[in-house]
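Protein chains in written order, with the working numbering: chain A, -15 to 348; chain B, 150 to 275. The beta-carbon is built from N, C-alpha and C at its ideal position, and this holds for glycine as well. Encoded as structure tokens, the structure appears first; notes follow it.
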């Protein structure tokens, strides 16, 4: 498959980005300042992220569309209000997570933001439940820019008046340079901010404005450290088709009505897990000292029993310490439980921690 | 301090009598990005030429640091363990990784000089 590039590829190049191949796209992993500075400036001021590799999947149809989507998505889509968004996932028959996503109710139907690596398969999985009256398309003519950080609202309000009225996980249509933008107050860093869906031919104009306002570009490297500090999952690492939402500690993302009524892929299994608990659970892990517990680090109990595996681990620049997430035997998930981490053949201390590691500051 | 010599794995060495000081090059730190964790060897440990001796981790990944020269570790630099960011700011100065009592000084002569190392880096961009 040919390597894909976002509309901003040359712009990133001009900023001195280092690129990495990610989900078939050449994406900036960092710019000249490096991951730590990009991370810190996002938390103290604002940063923008080109996340145009993610799928922007639009569905249109009558009221049967929500019924169809509810068979594979366990959110309460029937009562989702116009311009409101929910974090949810696509489930397989075993209750495993095919992808995690954000779904927003639009005037014509729904818009779903999908992970880049999963989007083609996601469409195939969703398609199975649709009928001929439902229209759907992955829109490749749109870029997606995340603007994140405490100054995001003040800066974007200057360019797009009215965005400051949005509450966390809601969106609306706005006009910019005679084109329609769809902006949601959301993101994946734990900071206040926005995701801006914008035509490819207008994205450089938006970015120039952000640069004039001293907002720097942030690469996938800092996106990863930011989301991990915020306790958010990365699909393909913390989530996959063999992991269900109960193990992933994402029960909150299954709507109450859906938990009771069911009618979605894997419900029987998930219902049992809710009643009886799961064998393992996703938890935060804080290694002692400065040693970093990366993905696939084995976790042991204090008595030496192997009890789990790290799925994401890095150094958290705002926490100023290493942070990690992983799955461990439910017996050991109490906050503060001491564990051992096997790193380069040596056992290091650590403990089970609350998530997030860094307090979120969403505007609700 | 004698002249610095360089390895293909991006370590530098300087020799003073039979004591060598080893660190990672500026080029290496630029490739690694922000350094957030360092592990240095304990005194007394013996290392072989090109053998793994220390660990450096950036926000991106963990990498091994090899000893370009054989001998016995005299000292690891605790100040970079406590403050790994110092490796980014002064990799070829105060932020050395370890000192080593050299077994065979002729190994030092087989390493690259500064000009050859710069050429090597230019020819092998990562």
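query	result
Where the alpha helix (DSSP H) through residue 102 of chain A begins and ends	First-last for residue 102 of chain A: undefined, no H or E at that position.
Residue-chain proximity (residue 125 of chain B, chain A), Cβ-Cβ < 8 Å	Examination of residue 125 of chain B is not possible in this model, given that chain B is present from 150 through 275 alone.
Counted within 10 angstroms of its Cβ, other Cβ atoms place residue 148 of chain A as buried (16 or more) or exposed	exposed
Alpha-carbon spacing of residue 188 of chain A relative to residue 133 of chain A, whole angstroms	20 Å
7 Å CB neighbourhood of residue 158 of chain B in its chain, flanking five on each side removed	215
Residue closest to residue 56 of chain A, alpha-carbon to alpha-carbon, out of A:29, A:85, A:288	A:85
Cβ shell of residue 200 of chain A (< 8 Å), same chain only, five flanking positions each side left out	15, 17, 22, 25, 31, 32
The segment 173 to 202 of chain B: positions lying closer than 9 Å to chain A by Cβ	182, 183, 185, 186, 187, 188
Where residue 267 of chain B falls: helix, strand or coil (DSSP)	helix
Residue-level contact to chain A via CB, residue 209 of chain B, 8 Å cutoff	yes
Expected contact under 8 Å - CB spacing of residue 293 of chain A and residue 283 of chain A to nearest Å	6 Å
Residue 164 of chain B burial status per 10 Å Cβ neighbour count (16 or more: buried)	buried
Within chain B, the residues that residue 276 of chain A reaches when beta carbons sit closer than 8 Å	185, 186, 206, 211
Beta-carbon proximity check, residue 310 of chain A vs residue 272 of chain A, cutoff 8 Å	no
Neighbourhood of residue 130 of chain A by C-beta, 6 Å cutoff - its chain only, sequence neighbours within 5 removed	33, 35, 171, 179
Neighbourhood of residue 259 of chain A by C-beta distance below 7 Å, restricted to the same chain and skipping five residues each side	none
Minimum length 3: unbroken beta strand (DSSP E) runs contained in the segment 163 to 222 of chain B	168 to 173, 184 to 188, 200 to 207, 211 to 216
C-alpha gap between residue 281 of chain A and residue 295 of chain A, whole angstroms	8 Å
Simplified DSSP state of residue 50 of chain A, which is helix, strand or coil	helix
Inter-residue CB distance, residue 193 of chain B and residue 221 of chain B (contact presumed, cutoff 8 Å)	7 Å
Whole-angstrom C-beta distance between residue 163 of chain A and residue 195 of chain A, which should lie under 8 Å	Incorrect: roughly 20 Å between the Cβ atoms, too far for contact.
Beta-carbon separation (whole angstroms), residue 212 of chain B vs residue 198 of chain B, contact threshold 8 Å	No, residue 212 of chain B and residue 198 of chain B are not in contact; Cβ-Cβ is about 18 Å, not under 8 Å.
Spatial neighbours of residue 260 of chain B in its chain, beta-carbon cut-off 7 Å, leaving aside the 5 residues before and after	154, 155, 156, 162, 217
Whole-angstrom distance between residue 274 of chain B and residue 268 of chain B, CA atom to CA atom	10 Å
Within 8 Å of chain B by C-beta, residues of the segment 297 to 315 of chain A in sequence order	298, 299, 301, 306
Beta-carbon contacts of residue 168 of chain B that lie in its chain and below 8 Å, excluding the five residues immediately before and after	223, 248, 249, 250, 251
Cut-off 6 Å between Cβ atoms - residues of its own chain near residue 291 of chain A, not counting five sequence neighbours on either side	283, 285, 312, 313, 316
Contact set between residue 20 of chain A and chain B, taken where Cβ atoms lie within less than 7 Å	183, 208
Three-state secondary structure assigned by DSSP to residue 80 of chain A	coil
Limits of the unbroken alpha helix (DSSP H) element including residue -6 of chain A	-7 to -2
Test: residue 154 of chain A CB closer than 8 Å to a CB of chain B	no
Residue 201 of chain B burial status per 10 Å Cβ neighbour count (16 or more: buried)	exposed
Residues near residue 266 of chain B by beta carbon distance below 6 Å, same chain, minus five either side	155
Buried or exposed (CB count within 10 angstroms, at least 16 for buried), residue 72 of chain A	buried
Unbroken alpha helix (DSSP H) run spanning residue 189 of chain A, endpoints	187 to 196
First and last residue of the uninterrupted beta strand (DSSP E) at residue 10 of chain A	9 to 14
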